[in-house]
Each structure stands twice: as structure tokens, then as C-alpha cells.
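Comments concern the structure below.
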DNA sequence: AGCTAACTTGTACCTTCGTACAGTACGAAC
DNA sequence: GTTCGTACTGTACGAAGGTACAAGTTAGCT
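Protein chains in written order, with our numbering: chain A, 1 to 217; chain B, 1 to 217.
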């Protein structure tokens with residue numbers, strides 16, 4: 001039984017008091033440092049895989065002493081799980097922003113294809129480190145019960161988002177389509193991350209998106 | 001630069017000489033042991049992830065002394081890469097066998113759905129350890145150039161298999177369909193392995209398979 | 001039989017890593 | 001100011017793991 005490792009103490013009644021000094025920065029005293037460490041952990045996961053995540057390595061990468069990582073994360077497991085959970089929380093929101101409003105999606109199907117294509121290519125290119133971290137999360141969840149709820153919440157978020165989209169497009173079973181569409185994109189991402197293909201966008205991605213998002217004649 | 005770790009020495013001119021003693025078993029003297037270790041390594045990957053793979057752990061799991069694992073695998077990396085490469089080589093063949101002949105697939109679409117459904121549920125159930133190892137392979141390939149060709153060969157094998165199938169079903173672009181269908185199955189597997197869903201087979205898998213494999217009215 | 005190379009094993013050293021911990025600094029509350 | 005709790009840091013020790021290696025065994029060859 002893991003002794004429920006978390007950050008030192010929640011500081012029950014002080015959080016509000018800290019919002020005064022300057023405009024916005026200070027949430028809790030050490031929150032900035034903690035997030036820096038989480039980011040570096042994720043970067044490491046994406047770059048070299050979960051094996052590479054150690055207190056010392058993360059500390060070095062973040063330019064802080066070892067004691068700093070051991071203070072915020074009581075164990076290696078704790079570090080990894082917190083980083084992945086934190087990532088899942090923020091990633092969905094980020095994706096939502098990048099896709100932009102989907103409410104009027106039915107009006108411009110071509111634009112919709114472009115938007116999804118751009119998002120995917122971003123994830124395969126400049127943002128591929130984060131994308132890899134994302135699939136590492138799924139992989140880790142398969143043998144870490146603590147991460148299962150994280151994955152469920154993340155999946156549910158995507159499903160809701162896409163269900164709305166397909167409902168707007170007039171699909172008869174938008175929930176199912178959302179799940180299948182998401183699985184398709186995941187599968188494509190996964191293999192492209194492992195063995196990239198030069199004409200992937202033109203030869204595979206766009207045809208696939210068109211098939212799903214443009215009304216079949 | 002890694003000094004190209006492989007098994008001790010290829011024994012350039014002796015391999016043929018060994019095929020005599022008995023019916024088939026002896027390929028090279030230690031091949032049985034080596035494969036046992038590879039299997040145990042994969043089991044560990046599937047069960048606890050790549051972190052868990054160490055010389056000592058694998059040796060213990062296989063019931064052999066530490067020296068045995070260090071003899072066959074010069075480094076931890078070597079062990080992991082060899083295991084995943086070996087897995088990829090055999091897995092495709094296994095899947096081919098399990099699916100059975102696909103040549104006359106067009107005649108019995110219902111059967112086809114059943115076959116794929118059975119295969120998928122097997123991978124999600126009794127065989128999920130191996131399935132996890134499979135996706136760990138993809139994940140690892142993303143940051144281990146040595147594994148990229150392995151992944152490409154494995155993908156190509158699947159694509160050929162499925163292209164043949166979709167050609168037989170009369171799809172206009174069987175190559176593309178093969179790739180998309182495979183991606184869909186991969187995506188579904190991945191999320192189901194991380195967070196299983198009770199009515200997955202009836203609610204998602206079979207509808208998806210029907211949509212792809214049965215002729216739309 | 002004698003030779004050789006593949007195979008096998010136990011041990012031991014050294015590095016890395018996890019983790020505890022004692023102590024310091026700092027901000028906030030009183 | 002004093003006090004107190006959070007944040008932070010450096011060090012150190014024990015455990016785990018990577019790897020080398022020497023010595024042993026087996027099987028095939030001449």
C-alpha cells in the first residue's frame with residue numbers, strides 16, 4: 001500500500017492571503033517551482049521515456065538542487081504520477097483552445113479539416129515531445145491504477161468535445177463517432193511518432209479527416 | 001557511441017553442423033535459454049513496463065542466475081531492444097494465424113467481423129500482457145532509432161495483410177483503408193488497455209468493425 | 001583423447017539512485 | 001520584535017543495479 005504521497009502539506013487556510021503582493025504570480029509560495037519541476041519531468045518523459053525520470057535528472061534539467069525535487073515529490077512514482085496527472089488536466093484545455101470554437105463547425109467543413117490537420121501536424125512536429133508524453137501516460141496507466149481515473153477523465157473530455165462536433169455535423173450516432181474518430185487519430189499519431197512518414201499529411205491524414213468531417217456527397 | 005551490443009559471437013561456420021543430433025530442437029546451443037529470457041523480458045515489459053526490466057529481475061523471473069542474463073545481453077538496452085525486435089518478428093505471424101485465411105473474406109462478412117472481434121477481445125483479455133508489450137514497443141521506438149526499422153517492418157506487414165483484405169472486399173483504396181483501419185484498432189486497444197470499458201465489445205468494437213467490414217447497404 | 005569455442009555461473013566492485021534528515025531562509029501572523 | 005510553518009538546500013548512507021571477470025562446464029571437432 002502506497003502511503004499516499006503528495007506534496008508536503010496543503011496549507012489549508014493561507015492560499016487566499018497570498019494574492020496581494022503583485023498582479024497574479026504568487027498562488028502558493030512554491031507553486032512556480034513545483035510546476036517547473038512538473039514540466040521538466042514531462043519533457044524528460046517525452047524525450048527519453050519514463051526510465052529517464054529520476055530526482056537527480058529532473059533537478060539537473062531544471063537547474064535546481066536535488067533537495068528541491070525530493071522536497072516536492074516524496075518518491076519517483078509520485079513524481080511521475082503527478083506529472084502525468086497534471087499534464088492530462090491541462091492538455092485537454094490546450095487542445096480545446098487550439099481547435100477553436102466548434103459550435104458552427106457544420107458551416108465550413110473545409111476549415112474544419114484544416115484545423116484538425118494543423119493540430120495533428122503540430123503534435124507530430126514541434127510539439128512531439130508533449131505528444132509522446134501523452135502516450136506514455138496511456139501506457140503507464142495500463143499498470144498504475146492511480147492513473148486510470150486520470151485517463152478516464154481525459155478521454156471523457158475528448159469524447160464530449162467531439163460528440164458535440166459530430167452532433168453539429170448531423171451524424172446519427174455522434175457519441176460512437178467521437179470515440180472512433182479519437183481512436184483513429186490516436187492510432188495514427190502513435191505510429192507516426194514511432195516511424196514518421198514523409199507524405200503522411202497529404203496521403204493519409206487529410207483523406208481520413210475529409211472522410212470523417214466533410215459531408216459525403 | 002554504443003559498441004553495437006549483440007550476443008557474444010555469431011559462430012560463423014558452425015550453425016549448420018548443429019542440425020543433426022535430434023529432430024529439430026537444437027538450433028544453437030543456447031538458443032532455448034536466450035528465447036526464455038526474451039520471453040520473460042517481454043512479460044516484464046507488459047506487466048510492469050520498461051522500467052522493470054533489469055538483468056537481475058529477468059534472471060529471477062526466469063529462474064536462472066544473474067550471469068546468464070549478462071551473458072546473453074551485454075546491456076540493459078540491448079536486452080530491451082532485442083526483446084522488442086524479437087516480439088515484433090513473431091507477433092505478426094501469430095496474428096496472421098489467428099485471423100485465419102482472409103482470401104475468401106468477401107464471402108462471409110459476418111464471419112469476418114467475428115474473427116476480428118475475437119482477436120481484439122483476446123488481446124484485451126487473456127493476452128493483454130503481450131498487447132501492452134506491443135504498445136510499449138511503439139513507445140520505445142519513438143526515442144530509440146534502433147527500433148524504428150522494426151516498427152516499420154511490423155507496420156508494413158499489417159498493411160499488406162489488410163490491404164489484401166480490403167482489396168478482396170472491393171474497397172476503392174485498399175492501401176489507405178488498411179492504414180486507417182489499423183490505426184483505428186490501435187487507438188481503441190490503447191485506451192481500452194489503459195481504462196477498460198465493460199460494454200466495449202458490443203457498444204464500440206462491433207459497430208466499428210461492421211462499419212468497415214460489412215458492405216454498406 | 002585432446003582441443004576449441006560456445007556456454008554457464010558466482011562473485012565482486014563501483015556507480016547510480018532513493019530517501020532520510022538536519023539545518024537554513026523566509027514570509028506571514030501575532 | 002517573536003513565533004511558526006512553509007519552502008528550500010546539502011550531505012550522507014544504504015540499496016539496487018550495471019558490468020567485468022575468472023573459473024567452470026559442455027558439446028562438437030579432428
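Backbone N, C-alpha and C fix where the C-beta goes; we use that ideal spot for every residue, glycine too.
Buried or exposed: residue i, going by 16 or more other Cβ atoms within 10 Å of its Cβ?
i                      : result
residue 94 of chain A  : exposed
residue 98 of chain B  : exposed
residue 139 of chain A : buried
residue 16 of chain B  : Caution applies to residue 16 of chain B, whose pLDDT of 37 falls short of 50 and renders its modelled position unreliable; the model cannot decide the point.
residue 155 of chain B : buried
residue 174 of chain B : buried
residue 183 of chain B : buried
residue 63 of chain B  : exposed
residue 118 of chain B : exposed
residue 198 of chain A : exposed
residue 219 of chain A : Outside the shown range of chain A, which is 1 to 217, sits residue 219 of chain A, and nothing can be said about it.
Which residues in chain A have a C-beta closer than 7 Å to the C-beta of residue i? List them in chain order.
i                      : result
residue 51 of chain B  : 50, 51
residue 142 of chain B : 132, 193, 194
residue 188 of chain B : 183
Using the Cα positions of residue i and residue j, report the straight-line distance between them to the nearest angstrom.
i                      : j                      : result
residue 120 of chain A : residue 188 of chain A : 10 Å
residue 69 of chain B  : residue 37 of chain B  : 7 Å
residue 75 of chain B  : residue 141 of chain B : 17 Å
residue 100 of chain A : residue 122 of chain A : 15 Å
residue 49 of chain B  : residue 194 of chain B : 13 Å
residue 178 of chain A : residue 32 of chain A  : 36 Å
residue 201 of chain B : residue 88 of chain A  : 26 Å
residue 40 of chain A  : residue 171 of chain B : 47 Å
residue 112 of chain B : residue 185 of chain B : 15 Å
residue 52 of chain A  : residue 67 of chain B  : 25 Å
residue 71 of chain A  : residue 127 of chain A : 29 Å
residue 180 of chain A : residue 192 of chain A : 18 Å
residue 166 of chain A : residue 158 of chain A : 12 Å
residue 44 of chain B  : residue 104 of chain A : 48 Å
residue 161 of chain A : residue 131 of chain B : 29 Å
residue 58 of chain B  : residue 96 of chain B  : 29 Å
residue 86 of chain B  : residue 164 of chain B : 25 Å
residue 61 of chain A  : residue 203 of chain A : 38 Å
residue 107 of chain B : residue 207 of chain B : 19 Å
Comparing C-alpha positions only, which one of the options sits nearest to residue i?
i                      : options                    : result
residue 124 of chain B : B/55, B/38, B/101, B/190   : B/190
residue 73 of chain A  : A/128, A/34, A/28          : A/34
residue 82 of chain B  : B/216, B/203, B/163, B/133 : B/133
residue 116 of chain B : B/216, B/209, B/62, B/215  : B/209
residue 78 of chain A  : A/169, A/155, A/144        : A/144
residue 212 of chain A : A/109, A/149, A/160, A/92  : A/109
residue 168 of chain A : A/214, A/147, A/148        : A/214
residue 196 of chain A : B/104, B/148, B/85, B/129  : B/148
residue 150 of chain A : A/84, A/44, A/61, A/136    : A/84
residue 129 of chain B : B/59, B/28, B/46           : B/46
residue 205 of chain B : B/135, B/114, B/146, B/163 : B/114
residue 92 of chain A  : A/42, A/80, A/153          : A/153
residue 90 of chain B  : B/163, B/176, B/42, B/29   : B/42
List the residues of chain B that residue i touches, going by C-beta distances under 7 Å, in chain order.
i                      : result
residue 41 of chain A  : Within chain B, no residue comes near residue 41 of chain A; the closest Cβ sits about 14 Å away, beyond 7 Å.
residue 208 of chain A : 180
Residue i versus chain A: which residues are under 9 Å apart at the beta carbon?
i                      : result
residue 155 of chain B : 191, 194, 195
What are the boundary residues of the alpha helix (DSSP H) that includes residue i?
i                      : result
residue 195 of chain B : Here residue 195 of chain B belongs to no alpha helix (DSSP H), and DSSP marks it neither H nor E.
residue 116 of chain B : 109-124
residue 96 of chain A  : 76-99
residue 159 of chain B : 148-168
residue 33 of chain A  : 31-48
residue 68 of chain B  : 66-72
residue 140 of chain A : 128-141
residue 61 of chain A  : 55-62
residue 207 of chain A : 206-213
What does residue i reach in chain B if we use C-beta pairs closer than 9 Å?
i                      : result
residue 204 of chain A : 176, 179, 180, 183
residue 123 of chain A : Those within 9 Å of residue 123 of chain A in chain B number zero; the least Cβ separation is about 12 Å.
residue 63 of chain A  : None at all; the shortest Cβ gap to chain B is about 23 Å.
Quick one: list the residues of chain A neighbouring residue i, beta-carbon separation under 8 Å, in chain order.
i                      : result
residue 146 of chain B : In chain order: nothing, as chain A lies at least about 12 Å away.
residue 151 of chain B : 191, 194, 195
Residue i touches chain B at which residues, Cβ-Cβ below 8 Å?
i                      : result
residue 136 of chain A : 139
residue 47 of chain A  : 143
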